[in-house]
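Residue numbers (this note's numbering): 34 to 326.
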């Protein structure tokens with residue numbers, strides 16, 4: 034009886050959170066699934082069942098496919114590059130040197146503004162016109178303007194560069210927290226045994242950072258797959274569809290073109306794909322964690 038009373042008490046405490054989840058997540062999800070098989074335009078209640086037509090249209094729409102390609106490229110490149118640069122930065126910031134606290138604050142500061150603000154600022158800096166900051170500097174040296182955001186390849190590189198630059202500081206701080214939890218005795222013993230700095234990093238630091246790498250990679254990959262603000266504020270998906278994302282396609286089709294059913298179908302498919310990626314990543318992370326235990 035006491036156990037049942039405790040369970041009921043716990044349930045009542047969890048009920049508000051459960052209600053919020055149902056209202057904000059479960060109900061919209063069910064509505065989206067229903068709308069995905071109709072011709073709902075977002076405002077008219079007169080909608081008709083169209084079956085799998087919307088799902089078929091998703092795979093035959095060239096702009097959506099191009100958006101999918103860039104979204105995958107963005108998510109993978111962001112995850113790999115941030116990890117490659119954030120770990121050495123965290124190791125450096127973990128060492129004792131003059132101005133260390135200032136350096137830590139400086140790198141973290143760049144991660145404070147939102148990606149939307151970053152996009153607007155760097156859009157001006159990368160402006161392909163002569164008024165752009167970088168092209169103005171190039172003009173001082175007698176060089177012509179570079180089409181940073183009007184060339185497909187350069188635009189993709191610029192967007193990914195800003196994404197990496199904006200998030201290195203935050204993820205370096207995450208790795209720094211894991212580094213500071215590593216017992217110093219491990220390094221002292223390794224030094225006594227004659228291990229070099231490289232050997233200490235490979236055999237002590239890196240294995241101890243596995244949980245941090247898993248957490249960081251999960252956040253970067255999931256955030257990269259649903260990105261919208263940075264590419265949109267910098268290029269609005271252009272030139273052409275070179276920096277177009279799946280999220281932008283969902284918004285454009287559902288709201289911009291009043292094809293709510295088509296946008297809902299794309300949202301359902303993308304949610305399933307993202308869930309598969311996340312579960313695969315969690316499975317791989319579990320295997321890696323067991324390997325280094």
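Cβ atoms here follow ideal geometry from the backbone N, Cα and C, with glycine treated the same way.
Query                                                                                             : Result
Three CB pairs or more closer than 8 Å across the region 201 to 211 and the region 119 to 126     : yes
Through-space distance from residue 241 to residue 212, alpha-carbon basis                        : 8 Å
Cβ-Cβ distance between residue 263 and residue 152 below 8 Å                                      : yes
Nearest-angstrom Cα separation, counted from residue 56 out to residue 47                         : 14 Å
Option in 293, 312, 301 with minimal Cα separation from residue 79                                : 293
Given 8 Å, three or more beta-carbon pairs between the region 96 to 106 and the region 280 to 299 : yes
Beta-carbon proximity check, residue 196 vs residue 268, cutoff 8 Å                               : no
Residue nearest to residue 198 in terms of C-alpha spacing, selected from 133, 182, 253           : 253
Inter-residue Cα distance where the pair is residue 60 and residue 304                            : 15 Å
Coil, strand or helix - residue 71 by DSSP                                                        : strand
Which of helix, strand or coil DSSP assigns to residue 82                                         : strand
Integer Cβ distance of residue 276 from residue 103, believed to fall under 8 Å                   : 6 Å
Three-state class that DSSP yields for residue 128 in the structure shown                         : coil
Nearest candidate by alpha-carbon position, reference residue 255, set 105, 300, 133              : 105
Element boundaries [alpha helix (DSSP H), containing residue 250]                                 : 243 to 258
Delimiting residues of the alpha helix (DSSP H) encompassing residue 205                          : 185 to 212
When 298, 178, 43, 136 are compared against residue 202, the one with the closest alpha-carbon    : 136
Run of the alpha helix (DSSP H) containing residue 155, from where it starts to where it stops    : 148 to 158
Nearest candidate by alpha-carbon position, reference residue 307, set 289, 251, 148, 320         : 251
Element boundaries [alpha helix (DSSP H), containing residue 226]                                 : Premise fails: residue 226 is in no alpha helix (DSSP H) and is neither H nor E.
8 Å Cβ cutoff met for residue 193 and residue 108                                                 : no
Continuous alpha helix (DSSP H) stretch holding residue 265: start and end                        : 262 to 268
Buried or exposed (CB count within 10 angstroms, at least 16 for buried), residue 257             : buried
Within 8 Å, strictly: CB atoms of residue 82 and residue 297                                      : no
Same chain, Cβ closer than 6 Å to residue 88, five either side skipped, listed in chain order     : 298
Extent of the continuous alpha helix (DSSP H) to which residue 172 belongs                        : 166 to 173
Distance, residue 248 Cα to residue 320 Cα                                                        : 14 Å
Pair within 8 Å by beta-carbon distance, residue 115 and residue 236                              : no
Identity of the residue in 92, 42, 217, 226 nearest residue 279 by Cα                             : 92
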